[in-house]
Amino acid sequence: MSAAFPPYFLSWGFTNGVFQMEVIGQPGPEYVILGSSNLVQWTPIGTNAGTFTPFIFFDPGSDSNRTRFYRVQFQP
Numbered sequence: 157m158s159a160a161f162p163p164y165f166l167s168w169g170f171t172n173g174v175f176q177m178e179v180i181g182q183p184g185p186e187y188v189i190l191g192s193s194n195l196v197q198w199t200p201i202g203t204n205a206g207t208f209t210p211f212i213f214f215d216p217g218s219d220s221n222r223t224r225f226y227r228v229q230f231q232p
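Numbering of the sequence shown is given in our numbering, commencing with residue 157 and proceeding in unit increments.
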């Protein structure tokens, strides 16, 4: 069995005005995408099924949150 490695963003950018990012991690666990405007308070904004990696996440709120930080972690 190989050691788990933390998920990370492989690529990111805007497509048709919507921010999207490609996330890579180990297949199997679920991941949660968190967003923050101040790097202190983090809010879950999306999850994946965890079966395929990499996966693309689209932030539908990116048009109203032009200054947002993102992080990804294993789903608790």
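In this text, a Cβ means the ideal position worked out from N, Cα and C, and glycines have one as well.
Item	Value
For F208 versus M177, is the C-beta distance shorter than 8 Å?	no
Nearest to G181 by CA position, among F175, I189, V174, is which residue?	I189
Please classify F175 as buried or exposed, where buried requires at least 16 other C-beta atoms within 10 Å of its C-beta.	buried
Quick one: is the Cβ of Q231 within less than 7 Å of any heavy atom of the ligand SAM?	This structure lacks the ligand SAM, and indeed carries no ligand of any kind.
Just reading off the beta strand (DSSP E) that W198 is part of, what are its end residues?	Taken as a continuous stretch (DSSP letters only), W198 belongs to no beta strand (DSSP E), as it is neither H nor E.
Taking only three categories from DSSP, how would you classify S192?	strand
Use the C-beta contact count for Y164: other C-beta atoms within 10 angstroms, 16 or more gives buried, fewer gives exposed.	exposed
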